[in-house]
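Okay, so the sequence shown: first residue is 1 according to the numbering used here, each after it adds one.
In this text, a Cβ means the ideal position worked out from N, Cα and C, and glycines have one as well.
Owing to the predicted nature of the structure, the values given are computational and were not obtained by experimental measurement.
Data block below; observations after.
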Amino acid sequence: MAIQLKLDAPAMLALFPEGSEVRLELQQIVINEVVRKVVDRELSATRAHIAEQCKLVVEQALLVEGLTSKLWNGVKLSDATEKRLKEMAVSAATTAVSKAMYEAMAPLVADMDIRIKKYAEGEMQARMNAMAKEALRGALK
């Protein structure tokens with residue numbers, strides 16, 4: 001048997017008064033979850049895009065038809081030449097994929113960094129405000 005607890009806004013305020021440590025922790029948990037969901041969504045979309053781009057780059061770089069057989073433009077390749085061509089193609093593909101991944105991820109990472117800093121600054125400001133209110137309450141007593 002599962003028990004569910006549903007709280008409306010007044011109940012939340014009564015249970016977790018402004019400035020209480022529990023409320024601050026709850027706010028931090030909510031912020032962390034929002035950030036995680038945003039980051040996960042952005043990264044999932046980016047990973048799918050990068051995977052598709054990598055597939056295209058690798059297929060082009062490996063010259064799939066030319067390197068899967070020992071014949072290339074009617075010329076039979078030796079095993080050593082075929083091996084060297086494959087190594088060069090893989091190296092070129094690796095370089096291209098690394099560059100494409102960096103170019104695709106750099107703006108997203110910068111954007112996520114900005115978002116995380118904004119959330120952290122907002123949380124810090126909220127905590128400072130709560131501490132100031134608590135200090136003022138203590139001073140006014």
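| Query | Result |
| --- | --- |
| Once the 5 residues before and after residue 116 are set aside, which same chain residues still bring their CB inside 7 Å of it? | 35 |
| Whole angstroms is fine: what's the gap from residue 135's alpha carbon to residue 10's? | 24 Å |
| Check whether the region 24-40 touches the region 120-128, counting contact only when three or more Cβ pairs, one atom from each stretch, lie closer than 8 Å. | yes |
| Just checking my contact of residue 53 with residue 100 at CB under 8 Å: how many whole Å lie between their CB atoms? | 5 Å |
| Return the first residue and the last residue of the alpha helix (DSSP H) that residue 91 is part of. | 79-140 |
| Please report the distance separating the alpha-carbon of residue 93 from that of residue 57. | 6 Å |
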